[in-house]
Amino acid sequence: MKLIIGPASENLAIKTAKLAGYEKIKVIKKQFPDGEVYIRLDGSVKNENVAILQTTCPPQNINLMQLVFMASAAKLSGAKKVIGIIPYLAYARQDKIFLPGENISADTIAQMLKASGIDEIITVNVHQEDVLKRFSFPAKNLSAIPLLAEYIKQRGHNGAFSLAPDKGAVHIAEQAKKVLGGESGYLEKRRDRYTGELSVSKKNFNVKGKTSIIFDDIISTGGTIIKAAKILLDLGAARVFAACVHPLLIGNAEKRILNAGVEEIIGTDSVPSSFSKVSLAPLISQEIKAHEIG
Ligand code: R5P
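Per the numbering used here, the very first residue in the sequence shown carries number 2; after that it's consecutive.
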């Protein structure tokens, strides 16, 4: 197995290749003045099984195009099997038609990946795991929540309360609870399909005097975390932290979250940023090694 170092996940891919003991294939990339992307694989993949590690966080359209071009280039260069390792899978949140006339973006992306020559994918904390069942090729979802919870535990927060900001994230809070001990709970979240407006309400749990960690798959605008933090602080939580797998933090999300009383934001290098305190390299390298044996 050789590992193609996707430009959007360069550091993570280098760490992963080192841990897995795989040869790295570097990628030469550029962008034309009109915005189109160019990539060239700088190494041979002929008759090899290859994995491409490329996240598709913003700028997602560029990162997606680079990914499909790398896959297609690998196949054109004689690669046998191409595995796409896509920590953040763009467009996965639109996994059904909510309003008439919409597209199911997740399905379109899957078709694009397949057409480019990708034979299977591995992703991390995809928004809805069920979406992967509709893909016409093997697609595996890994969870980085135990890694995030372990990091938080090592920082002295053993026994902290793990909160899911909506029902869809309950499994996330439960995974965290297994590592942190303590209790877990969830909030009820509703988003207006037309205006995008959020409303979050509390369920029954006791966080008085406790350190509480809000665990989510994605932090985007920060709206969800801000509402959840307010509820925790109103209920008397002593300290509030926010942890997520994909720290997108668009615009001034960080400032707004910190202003809401959250002490720290902890994310992974699925989305390379100043919040990437936990690396996915051990999780991914372990999976591809197991994959190879399997
Ligand atoms: C949606 O249900 C996700 O799990 C996240 O809660 C959501 O994407 C976060 O978005 P924002 O930060 O904009 O509230």
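We put the CB at the ideal spot given by N, CA and C, even for glycine.
Only a predicted model underlies this, so the values are computations on that prediction, with no experimental measurement involved.
The alpha-carbon of V180 is positioned some 19 angstroms away from that of I285.
In the assembly as shown, S137 is an exposed residue. Its beta-carbon has fewer than 16 other beta-carbons within 10 Å. The alpha-carbon separation between G182 and F242 amounts to approximately 16 angstroms. Here the stretch 212-219 lies against the stretch 229-236, with 3 or more beta-carbon pairs under 8 angstroms apart. Note that the stretch 253-261 does not touch the stretch 166-174; fewer than 3 beta-carbon pairs, one per stretch, sit closer than 8 angstroms. V46 is the residue among G36, D35, F33, V46 whose C-alpha sits nearest the C-alpha of L4. Counting only unbroken stretches of 4 or more residues, the alpha helix (DSSP H) elements lying wholly within the stretch 207-243 are 224-235, in sequence order. Excluding residues up to 5 positions away in sequence, V180 lie with their Cβ nearer than 7 angstroms to the Cβ of E151 in the same chain.
Annotated three-state conformation of R94 is coil, per DSSP.
Rounded to the nearest angstrom, the Cβ distance from F70 to I110 is 15 angstroms, too far for a contact under 8 angstroms. Between the ligand R5P and G268, a heavy atom-to-CB distance of less than 7 angstroms is absent. Bridge partners of G160 according to DSSP: none are assigned. Residue environment for E288: buried (at least 16 other C-beta atoms within 10 angstroms of its C-beta). Residue pairing by DSSP places A165 opposite Y187 in a beta bridge. With respect to the 8 angstroms criterion, G85 and I119 are classified as neighbours on the basis of their beta carbons. Annotation: the continuous alpha helix (DSSP H) that includes I63 extends over 61-77. It is roughly 12 angstroms from the alpha-carbon of G160 to the alpha-carbon of V208. Assignment of K115 by DSSP, reduced to helix, strand and coil, places it in the helix class. The three-state secondary structure of S286, taken from DSSP, is helix.
Remark: fewer than three beta-carbon pairs, one from each stretch, lie closer than 8 angstroms, so the stretch 99-108 and the stretch 56-63 are not flagged as touching.
Here the C-alpha atom of L20 lies approximately 18 angstroms from the C-alpha atom of I87. Residue environment: N64 is assigned as buried (16 or more neighbouring CB atoms within 10 Å of its CB, all protein chains considered). With contacts defined as CB atoms closer than 8 angstroms, S271 and V125 qualify as a contacting pair. In summary, P248 is buried, with 16 or more beta-carbon neighbours lying within 10 Å of its beta-carbon over all protein chains present. The beta carbons of A80 and E121 sit about 13 angstroms from each other, so the pair does not count as a contact at 8 angstroms. For Q32, the enclosing beta strand (DSSP E) has its first and last residue at 24-32. In summary, D35 is exposed, with fewer than 16 beta-carbon neighbours lying within 10 Å of its beta-carbon over all protein chains present. Checking the DSSP bridge columns, you'll see E121 partnered with I84.
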